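These notes are about the structure you will find just below.
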Amino acid sequence: MAATAKERQLPIAGEWIETGEWLEVRSPYSGDLVGRVAKAGAAEARRAVDAAERAMAEPLPAHKRAEILVRVAGHLGRRHEEVARTICAEAGKPLKAARVEVSRAMSTFTMAAVEARKLAGEMVPMEGSQAGAGKLAFTLRVPIGVVGAISPFNFPLNLVAHKLAPALAAGCAVVLKPASQTPLSALLLAELETDAGLPAGWLNVLVGPAAELGDVLVEDERVRLITFTGSAPVGWKLAERAPRKRVTLELGNSTPVIVEADADVEDAAARLAANAFSFAGQSCISVQRIYVQEAAYGDLLSTFLARVEALQVGDPADEKTDVGPLIDRESRDRVLAWIEEARAAGAEVVAGGDLDGELLRPTVIVNAAAELKVQCEEVFGPVCTVTPYRTLDEAIDLANGTRFGLQAGIFTRSLQTALEAARRLDFGGVMVNEAPTFRADQMPYGGVKESGNTREGPAYAVRELTETRLVVLEL
Ligand code: NAP
Numbered sequence: 001m002a003a004t005a006k007e008r009q010l011p012i013a014g015e016w017i018e019t020g021e022w023l024e025v026r027s028p029y030s031g032d033l034v035g036r037v038a039k040a041g042a043a044e045a046r047r048a049v050d051a052a053e054r055a056m057a058e059p060l061p062a063h064k065r066a067e068i069l070v071r072v073a074g075h076l077g078r079r080h081e082e083v084a085r086t087i088c089a090e091a092g093k094p095l096k097a098a099r100v101e102v103s104r105a106m107s108t109f110t111m112a113a114v115e116a117r118k119l120a121g122e123m124v125p126m127e128g129s130q131a132g133a134g135k136l137a138f139t140l141r142v143p144i145g146v147v148g149a150i151s152p153f154n155f156p157l158n159l160v161a162h163k164l165a166p167a168l169a170a171g172c173a174v175v176l177k178p179a180s181q182t183p184l185s186a187l188l189l190a191e192l193e194t195d196a197g198l199p200a201g202w203l204n205v206l207v208g209p210a211a212e213l214g215d216v217l218v219e220d221e222r223v224r225l226i227t228f229t230g231s232a233p234v235g236w237k238l239a240e241r242a243p244r245k246r247v248t249l250e251l252g253n254s255t256p257v258i259v260e261a262d263a264d265v266e267d268a269a270a271r272l273a274a275n276a277f278s279f280a281g282q283s284c285i286s287v288q289r290i291y292v293q294e295a296a297y298g299d300l301l302s303t304f305l306a307r308v309e310a311l312q313v314g315d316p317a318d319e320k321t322d323v324g325p326l327i328d329r330e331s332r333d334r335v336l337a338w339i340e341e342a343r344a345a346g347a348e349v350v351a352g353g354d355l356d357g358e359l360l361r362p363t364v365i366v367n368a369a370a371e372l373k374v375q376c377e378e379v380f381g382p383v384c385t386v387t388p389y390r391t392l393d394e395a396i397d398l399a400n401g402t403r404f405g406l407q408a409g410i411f412t413r414s415l416q417t418a419l420e421a422a423r424r425l426d427f428g429g430v431m432v433n434e435a436p437t438f439r440a441d442q443m444p445y446g447g448v449k450e451s452g453n454t455r456e457g458p459a460y461a462v463r464e465l466t467e468t469r470l471v472v473l474e475l
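Anchor point for the sequence shown: position 196 equals 196 in my numbering, and the numbering is continuous, going up by one each time.
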């Protein structure tokens, strides 16, 4: 193991435990061992649920929860560089993007602290009906119960933060299963929560075989909500298997953006080039399908290609790198196969499409038919398509022609066009004059259609994580 590699135990029931088995975490860039993590199975999962249930038997007052959340944000700030380097090492995320992720996680915890302090029910207007006359009624927001949280590899810190911080704000204990490829950031965050004063059992982390751990979360009735971020097939299957639980899903997309002829083409090209290839396209809202009105097509494409060619491909730990590796070789080979499929079908690869050493270069494809995988599936790699259109109606139909619906974007100088697109694009969010990859962590973020069934962002997540309890007083 490299001298810098870490060995990590799992926090369960307030102790950091070993299990006798270890799971290796390797750099997606070099293949070097980054760390070893204790490997959990169903027995540890059941202990974790027991611990979470016990923890919730002694509720933490909202102001204490808020204080802990604020302290976690502070610890993230103090250990910012170490956390960013952990993300970079285990996920292969370029260091500059990893630093942004840490800052965003600080914001997620800070906004969750606000929600913890504000959490309240509402008055019910009882006098509004004859039946209610003479009574006073209000609602309380009570924690839903033990939360099972499952997170993906691509934002191994901030997407874990989007599970843990709102759950604590809502007063729920958590059993977390982070992605097996990137558990170190989650475990570092668990350490910071402990340092911030989170009592035993409120956060338990399991790393190990997904199906075995997932089965416990699905089958144990005490787990009242499963919050899942990851791929659509896994997410929808979980929801199907747990019909009596609340299962909140944040899933994939095939992200479209429309560039109208009246747009600021320079600005659009710059934002799209950065956001189609950031973390090698491994974001659920990475720019994938760019539709450009015919009059601006040539101009946009040449400006965009110049920006794409200027992106630095290389070692994610290098300060200058924009585009690093995909999470594993299998993913890289799948994306290469999709590019080949497009080429074989007559599409033209106008940038990239090949390897730079072991890394896939940023790839731009034109003349790609709508049925090709690079258009209609989620690529989750450094690939985007550019396609001309004539009218806004046509562009909206193309953008909506997907089973996904997370975020979309439009560049235009016309307010009327922007608002029309906002009304007609069938997505959870529409960005105007910004890449559809934009996210600030307090936003309601989530999708329609196959992209999910919920909104994250602490203010919205706490609604899912609490139940309404009605109190009626006879006066
Ligand atoms: P994934 O393969 O679905 O894995 C996500 C998580 O689910 C991992 O922790 C994984 O564990 C776990 N898992 C896999 N099979 C499971 C099962 N049968 N039962 C319980 N848990 C199971 O997704 P990924 O490749 O890590 O992430 C990429 C996907 O996430 C993309 O589709 C992307 O669009 C989506 N995503 C969505 C959002 C959003 O907010 N909407 C944000 C980021 C990513 P193992 O790692 O142990 O397999």
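No residue lacks a Cβ here, since even glycine has one placed at the ideal position from N, Cα and C.
This structure is a prediction, so every number in the text was calculated from the model and none was measured.
Buried or exposed for residue i, please, with buried defined as at least 16 other CB atoms from any protein chain shown within 10 angstroms of its CB.
i	result
V207	buried
E193	buried
K163	buried
H63	exposed
G20	exposed
M431	buried
A435	buried
P178	buried
G346	exposed
S476	Since the first and last residues shown for the chain are 1 and 475, residue 476 lies out of range.
A310	exposed
P243	exposed
A370	exposed
T466	buried
Q181	buried
P11	buried
G197	exposed
G235	buried
L470	exposed
Take residue i and list the residues in its own chain whose beta-carbon comes closer than 6 angstroms to its own, dropping the five residues that flank it on each side.
i	result
E115	A169, P458, A459 and V462
T468	T139
V472	K135 and A137
G352	R361, P362 and T363
Q288	S254, T255, V379 and C384
N453	L249
P444	R455, G457 and Y460
V350	V364 and V366
L213	A45, K177 and L206
E394	none
Which residues in the same chain have their Cβ closer than 7 angstroms to the Cβ of residue i, if we skip the five residues on either side of it in sequence?
i	result
D354	R361
D299	V265
G132	M126
A295	A261
E450	A232, L251, R403 and F404
R104	N158 and D441
E53	V146 and R222
When DSSP labels each residue in this structure, what does residue i get in the three-state scheme?
i	result
E450	helix
I285	coil
P388	strand
Q416	helix
E58	coil
Y297	helix
K135	strand
R85	helix
M123	strand
D333	helix
V533	Any property of residue 533 remains undetermined from this structure, which presents the chain solely from 1 to 475.
Y291	strand
R246	strand
D50	helix
Y445	strand
Would you please state the rounded distance, in angstroms, between the beta carbons of residue i and residue j? I believe it to be under 8 angstroms.
i	j	result
I396	A421	7 angstroms
R224	E464	Contact doesn't hold; Cβ gap of about 11 angstroms is too wide.
L326	P28	7 angstroms
V124	A149	Contact doesn't hold; Cβ gap of about 32 angstroms is too wide.
G14	A200	2 angstroms
L272	I290	6 angstroms
D171	R65	Before going on, a small fix: residue 171 reads as Gly here, not Asp. Indeed, because the Cβ distance is near 7 angstroms, the residues count as touching under 8 angstroms.
I285	L406	6 angstroms
Less than 8 angstroms between C-beta atoms, sequence neighbours within five positions excluded: which residues of the same chain meet that for residue i?
i	result
L184	K6, R8, V25, V34, G35, V37, T86, A89, E90 and P156
V308	A273, A276, F277, A351, G352, P362 and V364
E319	L95 and K96
Can a CB atom of chain E be found closer than 8 angstroms to the CB of residue i?
i	result
A13	No chain E appears in the structure shown, which is made up of a single protein chain.
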